[in-house]
Amino acid sequence: MVTIRSLIYFLFLGLTVFVYAGAIILLAPFSNHLTASRIATAWGRVNISLLRYICGLGYEIEGWERLPPAGGYIIMAKHQSAWETIALRGLLPFNQAWILKKELLSVPFFGLALKLSKQIAIDRKAGKRALKELLIQGRDYLEQGRIVVVFPEGTRVKVGHSGKYNIGGSMLAEKTGCLVVPVAHNAGVYWPKNGFRKYPGIVQVVIGEPISPVGLSASEINTLVSTWIESSVHQLPSKRIQ
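So the number in the working numbering is just where the residue sits in the sequence shown, counting from 1, plus 79.
Structure representation (structure tokens):
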């Protein structure tokens with residue numbers, strides 16, 4: 080039954096990508112990135128509902144009140160699953176700018192929608208040039224009041240494991256003085272890394288206290304973020320209830 084439900088959701092996911100990405104592309108000549116961001120957030124919310132009704136996969140959030148009341152801050156989140164790439168898009172305030180790999184812009188249709196919504200696409204093989212581009216675009220978007228979303232581990236990691244926390248997001252915080260909000264969750268328990276099956280359950284999401292970068296180096300910020308996220312994830316359920 081889990082496999083069948085997962086297949087049904089996968090089909091709906093593809094349909095929603097087609098519909099909402101299409102809307103972004105069609106409206107782009109007559110609007111700006113704010114419209115695209117609202118459409119993308121609507122897409123995330125629809126998929127959150129589809130996951131709940133089709134796969135029985137819901138969520139609970141602790142610490143929602145800790146989010147700053149206005150934009151211009153950085154979200155640094157754990158990366159275990161595809162779930163958070165969908166759910167955070169729908170749950171966070173709409174005016175987001177995600178740090179993502181440049182290759183995604185080459186995906187037909189979907190990549191064009193990403194480009195039109197003005198994300199921060201980075202060539203991870205470019206080294207210092209990629210970091211420089213991240214800092215330039217990130218500063219610009221933060222000054223516009225956008226929320227910059229980054230997965231500092233760079234790629235999904237299995238439940239119980241931790242990837243290396245890349246310093247780009249922390250360096251952006253150091254250079255701009257913008258708050259960093261760490262986010263922990265256990266989505267990989269129910270939607271495993273690179274997995275097709277989506278198991279029923281409740282994803283636990285914890286939003287941490289904002290970290291002020293004032294007086295801290297990028298390395299110190301990175302340590303604070305990684306320590307908090309990993310210790311918080313460790314306290315969350317790591318196995319499904321059979």
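No residue lacks a Cβ here, since even glycine has one placed at the ideal position from N, Cα and C.
(request) Apply the 10 Å Cβ neighbour rule to M250 and answer buried if 16 or more other Cβ atoms are within range, or exposed otherwise. (result) buried
(message) For Q175 and V227, I'd like the C-alpha separation in whole angstroms.
(response) 6 Å
(request) Mind reading off the beta-carbon distance from L221 to G294? Whole number of angstroms is fine, and I expect it under 8 Å. (result) The Cβ separation is near 19 Å, so there is no contact.
(message) Taking the alpha-carbon of V285 as reference, which of W143, Y88, T114 and V268 has the nearest alpha-carbon?
(response) W143
(message) Are the CB atoms of G217 and I199 within a distance shorter than 8 Å?
(response) yes
(request) Would you be able to state if there are at least three C-beta pairs under 8 Å between the region 240-259 and the region 147-166? (result) yes
(request) With a threshold of 16 other CB atoms inside 10 Å of the CB of P292, please say whether the residue is buried or exposed. (result) buried
(request) Return the CA-CA distance between A119 and M80, expressed in angstroms with no decimal places. (result) 30 Å
(request) Pick out whichever of V98, K204, V268 and E309 has its Cα sitting closest to the Cα of G320. (result) The sequence given here has Ile at residue 320, not Gly. Comparing Cα positions, the closest option is V268.
(request) Identify, in the order they occur along the chain, each residue of the same chain with its Cβ nearer than 7 Å to the Cβ of L303, setting aside the five sequence neighbours on each side. (result) I290
(request) Taking only the alpha-carbon atoms, compute the straight-line gap between P261 and V282 and give it to the nearest angstrom. (result) 16 Å
(message) By the three-class DSSP mapping on this structure, what secondary structure does K254 have?
(response) helix
(request) Entirely within the region 247-308 and at least 3 residues each: give me those beta strand (DSSP E) ranges in chain order. (result) 259-264 and 280-286
(message) I'd like to know whether the C-beta of Q216 is nearer than 8 Å to at least one C-beta of chain C.
(response) Chain labels in this structure do not include chain C; a single protein chain is all it has.
(message) DSSP three-state label for A156, please.
(response) strand
(request) Can you tell me which of L136, S116 and E299 puts its alpha carbon nearest to the alpha carbon of L171? (result) S116
(message) Let me confirm a value: F230 is counted as buried when at least 16 other C-beta atoms fall within 10 Å, else exposed. Which label applies?
(response) buried
(message) According to DSSP, is K197 part of a helix, a strand, or is it coil?
(response) coil
(message) Judging by CA-CA distance, which residue of S305, E212, E309 and R124 is the nearest neighbour of I201?
(response) E212
(request) Have a look at L167 and I153 and give me their C-alpha separation to the nearest angstrom. (result) 13 Å
(request) Spatial neighbours of E141 within its chain, please: CB distance less than 8 Å, with the 5 preceding and 5 following residues excluded, ordered by chain position. (result) Q283, V284, V285 and I286
(message) Taking a contact to mean a Cβ-Cβ separation below 8 Å, would you say T114 touches L106 in this structure?
(response) yes
(message) Considering only their Cβ atoms, is the gap separating G169 from R124 smaller than 8 Å?
(response) yes
(request) Could you tell me whether the Cβ atoms of I104 and L193 are closer together than 8 Å? (result) no
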